[in-house]
Amino acid sequence: MTTQPLMSQEHDAMLAGLVRAIDKHSRGTGDFETSIDGLTFFRRGEPAHPVMCMIEPSIVLVARGAKQVWIGGTPYRYDTSHFLITSLDLPADSEVVEASSEAPCVGMTMKLDLRIVAELIAQGVLPPRRDRGVSSSVGIGTATSSILRPVSRLLELLDEPEAIPVLAPLLQREIHYRMLLSDQAAKLRQIASVDSQGHRIARAIDWLKLNYAAPIRVDELAGRVQMSTPTFNQHFRQLTSMSPLQYLKWLRLNEARRLMLNEHLDVSTASYKVGYESPSQFSREYSRFFGAPPKKDIASLREANATGPQRPL
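Okay, so the sequence shown: first residue is 1 according to the UniProt record's numbering, each after it adds one.
In structure tokens form, the structure reads like this:
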């Protein structure tokens, strides 16, 4: 009769501990690297409009407040009871939906290592996979106490830096294991299983990220991962909510944006560098994608950089 309240008390206590740890090891508003590889904190003091970003394979836990990402037109909201998980690099729009100066939205992001996932699957200690179909590579799961416990212990290591090299990899491995026992396990299994269609799509995405500036044909890309073009297109869209060419365009335009913003390249040079043959075509597609011509957009970003963070996850 008292199980549920006790579980709720434990859950709330662990969330409070996460807030204290994040507050102790970060200051102000923004995103903060930690001394643990792959672990970052975030803090936002007010709700914010969606910001374009690339979500890496990761889990995101909110210790206070709530956030939301939009991927392919679908919203994914996560809060103190739910985590966000992604198993592929995905273009997204991310926003803070619950935050205030008195109670900022705070949380953590931990990168997922799909090699660890594959190792755990290969050990044969996990329950049999039920669903062998292909679905979206992003999902919202329940932030259970069994997940929060190793996360809490991981954050405690920030107060014991000499133990981080020894214990952090063990705790991160346990978190991967807990994810594979969670209600979102299929998101990881469909990508990490070497014989899966999802794993082939992941290989194609890795290739695109390295070769986005080269001339690319979808049929050749499908052939690289031993898939027929129709099957490749179908599974690519199921996993990423976009076509391969849309994904490629996203990569090119965002890299061009980075080059103009951070390396001060002019529009023509940036367009050629990311694979466009025509600066005018680049400018048209850039304007449609970002809502403003390149020069105007970059000027706005530089102004915004002086007043707030641009990394939303």
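Think of the CB as a built atom: it goes at the ideal place given N, C-alpha and C, for glycine as much as any other residue. Values in this document were obtained by computation on a predicted structure and should not be read as measured data.
Among residues of its own chain, excluding the 5 on either side of residue i, which ones have a beta-carbon nearer than 7 Å to its beta-carbon?
i	result
residue 203	225
residue 223	none
residue 280	none
Can you tell which of the options has its C-alpha closest to the C-alpha of residue i?
i	options	result
residue 83	98, 73, 63	63
residue 97	241, 143, 48, 286	48
residue 39	158, 105, 114, 257	158
residue 234	260, 261, 201	201
residue 209	90, 77, 138	90
residue 148	238, 12, 113	12
residue 215	35, 275, 81	275
residue 277	252, 36, 293, 297	252
residue 139	104, 57, 156	57
residue 273	41, 257, 285	257
residue 176	205, 118, 124	118
residue 72	168, 112, 295, 250	250
For the ligand PLP, I want to know if residue i counts as a neighbour, meaning its beta carbon is within less than 8 Å of at least one of the ligand's heavy atoms.
i	result
residue 154	The model on display carries no ligand, and the ligand PLP is accordingly not part of it.
Buried or exposed: where does residue i fall if 16 or more other Cβ atoms within 10 Å of its Cβ makes it buried?
i	result
residue 136	buried
residue 314	In this structure the chain extends from 1 to 313, so residue 314 is not present and cannot be described.
residue 310	At residue 310 the pLDDT is 45, less than 50, meaning the model places this residue with poor confidence; the figure from the coordinates comes in the next sentence. Exposed, since its Cβ has fewer than 16 Cβ neighbours within 10 Å.
residue 166	exposed
residue 282	buried
residue 87	buried
residue 109	buried
residue 266	exposed
residue 67	buried
residue 195	exposed
residue 142	exposed
residue 172	buried
residue 170	exposed
residue 197	buried
residue 179	buried
residue 16	exposed
residue 163	exposed
residue 184	buried
residue 75	exposed
residue 244	buried
Can you check DSSP and say which residues form a bridge with residue i?
i	result
residue 52	93
residue 26	Answer is none; residue 26 lacks a bridge partner.
residue 68	77, 95
residue 109	40, 60
residue 138	86
Got a sec? Which residues, its chain only, sit under 6 Å from residue i by beta carbon, not counting five neighbours each side?
i	result
residue 2	Low confidence applies here, because residue 2 scores a pLDDT of 39, under 50, leaving its location unreliable and the question unanswered by this model.
residue 25	158
Taking only three categories from DSSP, how would you classify residue i?
i	result
residue 297	helix
residue 177	helix
residue 145	helix
residue 82	strand
residue 217	coil
residue 76	strand
residue 194	coil
residue 34	coil
residue 167	helix
residue 11	helix
residue 242	coil
residue 264	coil
residue 247	helix
residue 292	coil
residue 303	helix
residue 160	coil
Quick check: is the beta carbon of residue i nearer than 9 Å to any beta carbon in chain B?
i	result
residue 84	Note that chain B does not occur in the displayed structure, where there is just one protein chain.
Only counting the same chain, and skipping five residues up and downstream in sequence, which positions put a Cβ closer than 8 Å to that of residue i?
i	result
residue 219	229
residue 100	45, 46
residue 127	181
residue 121	180, 189, 192, 193
residue 54	89, 90, 91, 92, 254
residue 293	283, 286, 287
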